[in-house]
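Quick note, the sequences are listed as chains A and B, same order. FYI, in our numbering the residues of the first sequence are 38 to 150. FYI, in our numbering the residues of the second sequence are 22 to 130. One structure is given below, encoded as structure tokens.
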Amino acid sequence: EPEVTQTPSHQVTQMGQEVILRCVPISNHLYFYWYRQILGQKVEFLVSFYNNEISEKSEIFDDQFSVERPDGSNFTLKIRSTKLEDSAMYFCASALAVYNEQFFGPGTRLTVL
Amino acid sequence: KNEVEQSPQNLTAQEGEFITINCSYSVGISALHWLQQHPGGGIVSLFMLSSGKKKHGRLIATINIQEKHSSLHITASHPRDSAVYICAVRYNTGNQFYFGTGTSLTVIP
């Protein structure tokens with residue numbers, strides 16, 4: 038059964054460093070999403086991406102964040118200068134269409150020291 | 022606008038019991054997603070619905086659009102059902118999902 042994959046599973050970085058979180062969505066899906074979950078809190082929407090551009094983003098997704106689909110299979114989330122409060126689990130999801138069920142990846146746990 | 026309320030927050034049940042988890046929201050939605058989050062953190066989609074009822078195995082999800090309420094039922098619960106169950110809604114005015122805080126379910130053998 039096709040699934041969304043994410044790498045790495047755990048990333049540790051120093052404050053101020055750039056990180057790139059990678060996702061491989063399900064191959065025929067067209068809509069891609071990033072979510073984050075701070076430990077002990079609810080899942081929060083970051084950004085949605087369709088047709089090579091951002092279709093919607095939340096207040097959390099500020100200038101420090103960017104997304105890219107560089108090669109037609111990977112979908113990446115970059116945080117330019119990490120802060121302590123960026124420590125969270127980051128989930129990628131994909132869907133065939135905007136009104137279809139979203140399928141989630143296993144998550145990347147980001148720890149900023 | 023984007024409050025999604027779930028109840029109960031925590032639930033402990035004996036194996037075999039019928040379980041109900043509730044989700045309510047404040048304004049009109051285009052879709053509601055029920056998700057399961059395992060202790061390791063991974064999220065699995067259970068149902069996405071916009072009206073009526075869906076069933077998959079021992080899981081049943083219902084939604085009442087007029088009352089702005091959805092329920093997730095688990096029949097004949099089993100210890101492997103122990104997880105956090107999350108409700109997420111997409112409002113009519115946008116495409117992003119807003120998530121509830123989850124219901125932590127523990128099923129005791």
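Idealized CB from N, CA, C, for every residue including glycine.
task = Return the residues of the stretch 47-64 of chain A that lie within a Cβ-Cβ distance of less than 9 Å from chain B, sorted by chain order.
result = none
- Query: Can you list, in chain order, the stretches of the beta strand (DSSP E) that have 3 or more residues and sit fully within the stretch 29-80 of chain B?
  - Reply: 31-35, 40-46, 50-58, 64-70 and 73-77
Q: Taking C-beta pairs closer than 7 Å, name the residues in chain B that SER103(A) reaches, listed in chain order.
A: Here the premise fails: no neighbours, minimum Cβ distance about 18 Å.
Measure the Cβ-Cβ separation of LEU150(A) and GLN51(A) and say whether it is below 7 Å.
yes
Counting only the same chain and skipping the five closest in sequence on each side, list residues whose C-beta sits under 7 Å from that of GLN54(A). THR119
| said: Given this structure, state the Cα-to-Cα distance separating GLN78(A) from PHE102(A), to the nearest angstrom. | reply: 20 Å
Practice prompt. Keeping to the same chain, check which residues put their C-beta closer than 8 Å to that of ALA134(A); ignore five residues upstream and five downstream.
Written response: LEU67 and TYR68
Distance, MET69(B) Cα to ASP102(B) Cα | 19 Å
TODO: Rank THR42(A), PHE86(A), SER46(A) and PRO143(A) by C-alpha distance to the C-alpha of GLN117(B) and give the top, closest one.
DONE: PHE86(A)
Item to complete: List the DSSP bridge partners of SER110(A).
Response: Looking at the DSSP assignment, SER110(A) forms no beta bridge with any residue, so it has no partner.
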